[in-house]
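Worksheet for the structure shown next.
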Amino acid sequence: MPIDSVGPTGNLLLDALSDPDRALLAPDLERVTYAKGQIILEAGAEVTHVTFPCNYTVLALVVTTRDGRTAETATIGHDGMAGRLVGLGHLPAFASVMVQIGGPMLRLDARRLEAAADQSAALRDLFIRYADCLVAQLLQTAACNALHAIEQRCLRWLLTLQDRIVGDTLPVTHEVLAAMLGVQRTYLTRILRELQDQGLIRVGRGRIIILDRPAVLATACECHGRVRRYCEAVLGPVYGAGD
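Take 1 as the starting number for the sequence shown in full-length UniProt numbering and just add one per residue.
Next up, the structure:
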(Lines of atoms letter the chains of each structure in order from A and count residues from 1; the text may use other names and numbers.)
(Lines give C-alpha, C1' and ligand atoms only; values in the text may rest on other atoms or scores of the structure.)
Protein backbone atom coordinates (compact mmCIF):
# COMPACT_ATOMS: atom_id res chain seq x y z
CA MET A 1 0.00 0.00 0.00
CA PRO A 2 1.53 3.38 -0.99
CA ILE A 3 2.26 5.74 1.88
CA ASP A 4 0.92 9.26 2.19
CA SER A 5 3.32 11.46 0.23
CA VAL A 6 2.64 14.38 2.60
CA GLY A 7 2.20 12.89 6.07
CA PRO A 8 5.07 11.72 8.32
CA THR A 9 6.47 8.24 7.78
CA GLY A 10 8.22 7.67 11.09
CA ASN A 11 11.61 7.73 9.37
CA LEU A 12 13.44 11.02 9.89
CA LEU A 13 15.37 10.76 6.64
CA LEU A 14 12.23 10.39 4.55
CA ASP A 15 10.39 13.02 6.59
CA ALA A 16 13.17 15.54 5.90
CA LEU A 17 12.35 15.42 2.17
CA SER A 18 10.17 18.10 0.64
CA ASP A 19 6.66 17.00 -0.33
CA PRO A 20 7.54 16.86 -4.06
CA ASP A 21 10.67 14.80 -3.37
CA ARG A 22 8.85 12.39 -1.04
CA ALA A 23 6.16 12.02 -3.71
CA LEU A 24 8.85 10.56 -6.00
CA LEU A 25 9.28 7.65 -3.56
CA ALA A 26 5.89 7.30 -1.87
CA PRO A 27 4.10 5.17 -4.51
CA ASP A 28 6.83 2.52 -4.31
CA LEU A 29 7.39 2.41 -0.54
CA GLU A 30 6.14 -0.87 0.93
CA ARG A 31 5.16 -1.17 4.61
CA VAL A 32 6.80 -4.19 6.25
CA THR A 33 7.33 -5.45 9.79
CA TYR A 34 10.31 -7.47 10.96
CA ALA A 35 10.90 -9.25 14.25
CA LYS A 36 13.93 -8.98 16.48
CA GLY A 37 16.78 -11.20 15.30
CA GLN A 38 15.66 -11.49 11.67
CA ILE A 39 18.30 -11.10 8.98
CA ILE A 40 16.87 -8.89 6.26
CA LEU A 41 20.01 -8.90 4.11
CA GLU A 42 22.74 -11.53 4.04
CA ALA A 43 26.39 -10.63 3.47
CA GLY A 44 27.30 -11.33 -0.15
CA ALA A 45 23.73 -11.13 -1.40
CA GLU A 46 22.67 -8.73 -4.13
CA VAL A 47 21.25 -5.54 -2.66
CA THR A 48 17.91 -5.17 -4.42
CA HIS A 49 16.10 -3.02 -1.84
CA VAL A 50 16.71 -0.33 0.74
CA THR A 51 14.99 -0.42 4.12
CA PHE A 52 13.99 2.55 6.27
CA PRO A 53 13.40 1.75 9.96
CA CYS A 54 10.41 3.65 11.35
CA ASN A 55 9.68 4.92 14.84
CA TYR A 56 11.85 2.90 17.24
CA THR A 57 12.83 -0.03 15.04
CA VAL A 58 16.61 -0.53 15.00
CA LEU A 59 18.87 -2.42 12.59
CA ALA A 60 22.49 -3.48 12.98
CA LEU A 61 25.17 -4.00 10.35
CA VAL A 62 26.91 -7.19 11.45
CA VAL A 63 30.12 -8.83 10.26
CA THR A 64 30.63 -12.55 10.92
CA THR A 65 34.05 -14.21 10.96
CA ARG A 66 34.94 -17.71 9.70
CA ASP A 67 34.71 -19.14 13.21
CA GLY A 68 31.17 -17.81 13.66
CA ARG A 69 31.91 -14.82 15.86
CA THR A 70 30.04 -11.61 15.14
CA ALA A 71 30.51 -7.90 15.74
CA GLU A 72 28.33 -4.91 15.03
CA THR A 73 29.82 -2.23 12.81
CA ALA A 74 26.94 0.28 12.74
CA THR A 75 23.54 0.94 14.29
CA ILE A 76 20.71 2.23 12.08
CA GLY A 77 17.48 3.58 13.50
CA HIS A 78 14.70 5.86 12.34
CA ASP A 79 17.33 8.41 11.35
CA GLY A 80 18.66 6.29 8.50
CA MET A 81 18.40 3.46 6.01
CA ALA A 82 20.04 0.13 5.22
CA GLY A 83 20.86 -1.40 1.87
CA ARG A 84 22.29 0.23 -1.20
CA LEU A 85 23.52 3.78 -0.78
CA VAL A 86 22.80 6.35 -3.47
CA GLY A 87 25.44 6.44 -6.19
CA LEU A 88 27.21 3.18 -5.31
CA GLY A 89 25.62 1.10 -8.06
CA HIS A 90 24.83 -2.63 -8.02
CA LEU A 91 27.20 -4.05 -5.42
CA PRO A 92 26.79 -7.10 -3.16
CA ALA A 93 26.28 -6.54 0.57
CA PHE A 94 29.49 -6.69 2.59
CA ALA A 95 27.77 -7.00 5.99
CA SER A 96 24.54 -8.64 7.06
CA VAL A 97 21.65 -6.47 8.23
CA MET A 98 20.04 -7.82 11.42
CA VAL A 99 16.97 -6.53 13.21
CA GLN A 100 18.06 -5.38 16.65
CA ILE A 101 14.68 -4.06 17.78
CA GLY A 102 11.72 -5.27 15.75
CA GLY A 103 8.96 -3.12 14.37
CA PRO A 104 7.67 -1.29 11.30
CA MET A 105 9.84 -0.35 8.34
CA LEU A 106 9.45 0.94 4.80
CA ARG A 107 11.00 -1.00 1.93
CA LEU A 108 11.89 0.39 -1.48
CA ASP A 109 13.31 -1.12 -4.65
CA ALA A 110 16.85 0.25 -4.92
CA ARG A 111 16.32 1.07 -8.58
CA ARG A 112 13.45 3.37 -7.67
CA LEU A 113 15.66 5.24 -5.21
CA GLU A 114 18.32 5.70 -7.88
CA ALA A 115 15.70 6.91 -10.37
CA ALA A 116 14.35 9.44 -7.85
CA ALA A 117 17.88 10.63 -7.11
CA ASP A 118 18.38 11.24 -10.82
CA GLN A 119 15.27 13.45 -10.85
CA SER A 120 16.00 15.53 -7.74
CA ALA A 121 19.32 17.09 -6.76
CA ALA A 122 17.99 17.84 -3.26
CA LEU A 123 16.95 14.23 -2.69
CA ARG A 124 20.27 12.97 -4.01
CA ASP A 125 22.17 15.40 -1.77
CA LEU A 126 20.29 14.31 1.36
CA PHE A 127 20.97 10.61 0.83
CA ILE A 128 24.62 11.20 -0.07
CA ARG A 129 25.04 13.20 3.13
CA TYR A 130 23.46 10.31 5.04
CA ALA A 131 25.93 7.90 3.39
CA ASP A 132 28.75 10.14 4.60
CA CYS A 133 27.41 9.96 8.16
CA LEU A 134 27.15 6.17 7.99
CA VAL A 135 30.77 5.95 6.85
CA ALA A 136 31.74 8.22 9.76
CA GLN A 137 30.04 5.81 12.16
CA LEU A 138 31.85 2.85 10.60
CA LEU A 139 35.24 4.56 10.82
CA GLN A 140 34.74 5.69 14.40
CA THR A 141 33.54 2.24 15.45
CA ALA A 142 36.67 0.69 13.96
CA ALA A 143 38.85 3.16 15.88
CA CYS A 144 36.88 2.60 19.08
CA ASN A 145 37.17 -1.18 18.86
CA ALA A 146 40.94 -0.90 18.36
CA LEU A 147 41.76 1.75 20.95
CA HIS A 148 39.24 1.82 23.77
CA ALA A 149 38.50 -0.39 26.76
CA ILE A 150 35.52 -2.73 26.69
CA GLU A 151 33.75 -0.65 29.38
CA GLN A 152 33.89 2.44 27.18
CA ARG A 153 32.86 0.48 24.09
CA CYS A 154 29.90 -0.96 25.96
CA LEU A 155 28.71 2.47 27.08
CA ARG A 156 29.15 3.84 23.55
CA TRP A 157 26.94 1.07 22.22
CA LEU A 158 24.25 1.67 24.85
CA LEU A 159 24.23 5.42 24.12
CA THR A 160 23.99 4.81 20.39
CA LEU A 161 21.00 2.53 20.92
CA GLN A 162 19.33 4.95 23.33
CA ASP A 163 19.59 7.73 20.73
CA ARG A 164 17.26 5.73 18.51
CA ILE A 165 14.51 4.82 20.99
CA VAL A 166 12.45 6.66 23.59
CA GLY A 167 13.27 6.31 27.28
CA ASP A 168 16.03 4.86 29.38
CA THR A 169 15.11 1.17 29.10
CA LEU A 170 16.97 -0.63 26.33
CA PRO A 171 15.45 -3.99 25.27
CA VAL A 172 18.70 -5.89 24.89
CA THR A 173 19.95 -9.16 26.38
CA HIS A 174 23.45 -9.99 27.56
CA GLU A 175 23.74 -12.47 24.71
CA VAL A 176 22.90 -9.92 22.02
CA LEU A 177 25.11 -7.23 23.51
CA ALA A 178 28.04 -9.65 23.81
CA ALA A 179 27.62 -10.65 20.17
CA MET A 180 27.46 -7.02 19.04
CA LEU A 181 30.64 -6.18 20.96
CA GLY A 182 32.41 -9.38 19.90
CA VAL A 183 33.12 -10.64 23.43
CA GLN A 184 32.17 -13.66 25.52
CA ARG A 185 28.87 -13.43 27.39
CA THR A 186 30.46 -14.25 30.76
CA TYR A 187 33.01 -11.47 30.28
CA LEU A 188 30.31 -8.98 29.35
CA THR A 189 28.24 -9.94 32.40
CA ARG A 190 31.16 -8.97 34.62
CA ILE A 191 31.57 -5.66 32.82
CA LEU A 192 27.86 -4.87 33.18
CA ARG A 193 28.02 -5.67 36.88
CA GLU A 194 30.88 -3.20 37.29
CA LEU A 195 28.96 -0.49 35.43
CA GLN A 196 25.94 -1.21 37.60
CA ASP A 197 28.04 -0.92 40.76
CA GLN A 198 29.11 2.55 39.53
CA GLY A 199 25.45 3.58 39.38
CA LEU A 200 25.48 4.08 35.61
CA ILE A 201 23.07 1.33 34.58
CA ARG A 202 20.72 -1.26 36.02
CA VAL A 203 20.63 -4.71 34.48
CA GLY A 204 17.35 -6.61 34.28
CA ARG A 205 16.08 -9.66 32.46
CA GLY A 206 16.17 -8.84 28.76
CA ARG A 207 16.84 -5.16 29.34
CA ILE A 208 19.43 -2.64 30.46
CA ILE A 209 18.32 0.63 32.05
CA ILE A 210 20.48 3.75 31.76
CA LEU A 211 20.21 5.43 35.18
CA ASP A 212 22.31 8.54 34.61
CA ARG A 213 22.86 9.53 30.96
CA PRO A 214 25.13 12.53 31.77
CA ALA A 215 27.35 10.27 33.86
CA VAL A 216 27.37 7.62 31.13
CA LEU A 217 28.35 10.28 28.59
CA ALA A 218 31.17 11.42 30.86
CA THR A 219 32.42 7.87 31.43
CA ALA A 220 32.19 6.65 27.85
CA CYS A 221 34.87 7.36 25.29
CA GLU A 222 34.54 10.31 22.91
CA CYS A 223 33.38 8.13 20.00
CA HIS A 224 29.62 8.42 20.53
CA GLY A 225 29.76 12.19 20.92
CA ARG A 226 32.08 12.65 17.97
CA VAL A 227 29.83 10.74 15.57
CA ARG A 228 26.71 12.44 16.90
CA ARG A 229 28.14 15.93 16.48
CA TYR A 230 29.30 15.12 12.96
CA CYS A 231 25.89 13.78 11.96
CA GLU A 232 24.18 16.83 13.43
CA ALA A 233 26.48 19.11 11.42
CA VAL A 234 25.97 17.17 8.17
CA LEU A 235 22.28 16.26 8.47
CA GLY A 236 21.00 18.97 10.81
CA PRO A 237 17.42 18.37 12.03
CA VAL A 238 17.37 14.85 10.57
CA TYR A 239 19.61 13.68 13.39
CA GLY A 240 17.97 15.67 16.19
CA ALA A 241 19.21 17.97 18.89
CA GLY A 242 22.56 17.37 20.49
CA ASP A 243 23.30 16.51 24.12
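A virtual CB, placed ideally from N, CA and C, is assigned to each residue, including glycine.
{"query": "Distance, Cα to Cα, leucine 29 vs arginine 111?", "result": "12 Å"}
{"query": "So is proline 92 buried or exposed if we call it buried at 16+ other beta carbons inside 10 Å?", "result": "exposed"}
{"query": "Between the segment 128-138 and the segment 56-75, are three or more C-beta pairs nearer than 8 Å?", "result": "yes"}
{"query": "Assuming arginine 124 and alanine 117 form a contact by the criterion Cβ under 8 Å, report the distance between their Cβ atoms to the nearest whole angstrom.", "result": "4 Å"}
{"query": "If I'm right that leucine 41 touches valine 47 with Cβ under 8 Å, what's the distance once you round it to whole angstroms?", "result": "7 Å"}
{"query": "For isoleucine 201 versus isoleucine 150, is the C-beta distance shorter than 8 Å?", "result": "no"}
{"query": "Using the Cβ count rule (16 or more neighbours within 10 Å means buried), how would you classify proline 53?", "result": "buried"}
{"query": "Going straight from the alpha carbon of isoleucine 128 to that of methionine 81, what length do you get?", "result": "12 Å"}
{"query": "Is it buried or exposed for aspartate 21, if we count other Cβ within 10 angstroms and need 16 for buried?", "result": "buried"}
{"query": "Report the residue from Val216, Val234, Glu232 and Ala23 whose alpha carbon sits nearest the alpha carbon of glutamine 119.", "result": "Ala23"}
{"query": "What are the boundary residues of the alpha helix (DSSP H) that alanine 23 is part of?", "result": "19-25"}
{"query": "Assuming alanine 43 and leucine 85 make a contact with CB atoms under 8 Å, what is their CB distance in whole Å?", "result": "No, alanine 43 and leucine 85 are not in contact; Cβ-Cβ is about 16 Å, not under 8 Å."}
{"query": "For proline 104 and threonine 57, which I take to be in contact (beta-carbon distance under 8 Å), what is that distance rounded to the nearest angstrom?", "result": "6 Å"}
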